Ligand SMILES: Nc1nc2c(ncn2[C@@H]2O[C@H](COP(=O)(O)OP(=O)(O)OP(=O)(O)O)[C@@H](O)[C@H]2O)c(=O)[nH]1
Ligand SMILES: [Mg+2]
Ligand SMILES: [Zn+2]
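In the working numbering, the protein residues as written are 89 to 472.
In structure tokens form, the structure reads like this:
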């Protein structure tokens with residue numbers, strides 16, 4: 089039985105993480121529109137001064153700071169320092185030489201030590217070992233090669249809209265498998281409930297409440313909603329969402345156009361993330377957010393959210409068909425009771441999972457998702 093590759097499982101688009109090699113070839117972009125949250129004062133300082141005219145410091149400064157990689161831009165990385173600054177850094181040559189081909193040397197979310205070269209720039213001296221990752225298979229490479237999208241995440245928020253775009257629950261299952269496979273707790277956020285009301289949203293997503301996933305029903309547009317009583321729940325859940333984020337690194341993911349950036353803005357308006365123009369999302373999302381990027385929230389000590397573009401493919405960097413069942417939390421209790429140890433729960437006799445589906449203990453929709461992932465059916469993901 090062949091291994092499922094990420095390409096079979098899903099197709100990442102939108103996530104424009106680059107491999108280490110690709111990064112090297114990219115010039116530093118000058119289009120400031122490309123960076124949301126870019127500090128303009130710094131930008132003038134950095135781009136407008138011709139590099140050569142800057143006098144080199146005579147003595148090498150020894151000052152170091154620690155921080156978290158907030159954004160990757162070609163050879164340069166924005167580092168959110170523990171002092172609360174955002175500085176731009178390159179990687180020290182020694183580290184570049186040490187890297188191996190398979191490894192993402194520096195990823196958004198990495199904790200780093202920086203030797204300061206000036207108040208606003210420095211060299212990344214060392215990178216701490218990652219405690220967790222959200223990864224995908226490097227696109228276009230058949231051997232196992234991990235591309236880290238976000239390093240050290242604590243949890244994943246999987247955002248779907250109750251409408252516009254219409255939720256695709258088989259897609260939600262895929263996101264949940266990705267979270268489980270990366271051993272990351274998942275929280276499901278059902279956004280845009282101003283469009284349907286809470287009850288309609290609940291009836292679409294109740295299965296996931298039953299599975300035990302935390303669900304929040306929100307409206308990033310709550311203040312514009314028709315009546316206050318209609319969305320009072322959404323306001324309460326937005327408050328709960330804010331609480332959930334404190335002191336964690338949270339990856340915000342989900343299809344394009346569901347309101348990921350709008351939600352982060354609703355929680356902390358000062359971030360002012362770019363939100364897609366009002367338009368109709370008829371299954372086709374327009375990727376407004378272009379790169380994974382960390383934002384520091386002004387709560388707790390170290391609270392970060394990673395706004396990612398609408399992600400189609402990610403996460404499953406290596407999954408054996410025999411272990412896929414473990415990542416469906418409703419199947420997990422049954423997988424060890426199958427007759428064959430490597431049962432794929434597809435056709436084998438005496439399969440406890442299929443028995444559980446027959447007994448109504450596992451929903452047919454979830455089992456359908458499982459089979460689609462197992463067989464590499466990619467659910468017309470190009471539509472997203
Ligand atoms: N009615 C309604 N519209 C919303 C809500 N949240 C976001 N929108 C709208 O949905 C559209 C998409 O919002 P974004 O925040 O850009 O969506 P996104 O998930 O970040 O999309 P990508 O960056 O492309 O992945 C925008 O037109 C928002 O104004 C909501 O709660 N209710
Ligand atoms: Mg966005
Ligand atoms: Zn089985």
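We treat Cβ as the ideally placed atom computed from N, Cα and C, and that holds for glycine.
A quick note: this is a predicted structure, and the numbers were derived from the prediction, not measured.
Counting along the chain, residue 446 sits inside no beta strand (DSSP E); it lies in the alpha helix (DSSP H) bounded by residues 440 to 446. Fewer than three beta-carbon pairs drawn from the region 247 to 265 and the region 444 to 451 are found closer than 8 angstroms, and the two stretches are therefore not classed as touching.
Per the Cβ contact rule, the region 353 to 360 is not in contact with the region 260 to 274 (fewer than 3 Cβ pairs under 8 angstroms). By the Cβ test, the region 229 to 236 is not in contact with the region 325 to 339, since fewer than three Cβ pairs between them sit closer than 8 angstroms.
The beta carbon of residue 381 sits closer than 6 angstroms to those of 159 and 395, all from its chain and outside the five residues before and after it, given in chain order. Note on residue 279: 16 or more other CB atoms within 10 angstroms of its CB, so buried under the neighbour-count rule. In the three-state reduction of the DSSP assignment, residue 304 falls in the strand class, which pools E and B. Relative to ligand 3, residue 441 has its C-beta within less than 7 angstroms of a heavy atom. Look at the beta carbons and you see the region 294 to 304 not touching the region 195 to 215: under three pairs across the two are nearer than 8 angstroms. The alpha-carbon separation between residue 349 and residue 326 amounts to approximately 14 angstroms.
Placement of the Cβ of residue 260 at a distance of 7 angstroms or more from every heavy atom of ligand 1 is found. In the DSSP assignment, residue 287 falls outside any beta strand (DSSP E) and lies within the alpha helix (DSSP H) extending over 286 to 299. About 12 angstroms separates the CB atoms of residue 352 and residue 339; that is not less than 8 angstroms, and the two are not in contact.
Between residue 411 and the set 431, 256, 392 and 393, the nearest pair of CA atoms involves 431. Its Cα nearest to that of residue 274, the residue 222 stands out among 222, 284 and 283.
In this structure, residue 440 places its C-beta atom within 8 angstroms of the C-beta atom of residue 425. For the options 187, 258 and 219, the alpha carbon positioned closest to that of residue 242 is the one of 219.
Residue 291 is classed as exposed because its beta carbon has fewer than 16 other beta carbons within 10 Å across all chains shown.
Within the same chain, 436 come within 6 angstroms of residue 428 by CB-CB distance, once the 5 residues on both sides are set aside.
When the beta-carbon positions are compared, residue 388 and residue 458 stay at least 8 angstroms from each other. Only residues of its own chain outside the window of five on either side were considered, and among them 199 have a CB closer than 6 angstroms to the CB of residue 216, listed in chain order.
At the C-beta level, residue 153 and residue 195 stay beyond 8 angstroms of one another. If you draw a 10 Å sphere on the C-beta of residue 433, you find 16 or more other C-beta atoms in it, and that means buried. DSSP lists 165 and 210 as the bridge partner or partners of residue 177.
For residue 289 and residue 281, the gap between their C-alpha atoms comes out near 7 angstroms. Within the same chain, and ignoring the five residues on either side of residue 423 in sequence, the residues whose Cβ sits closer than 8 angstroms to its Cβ are 413, 414, 431, 433, 440 and 441.
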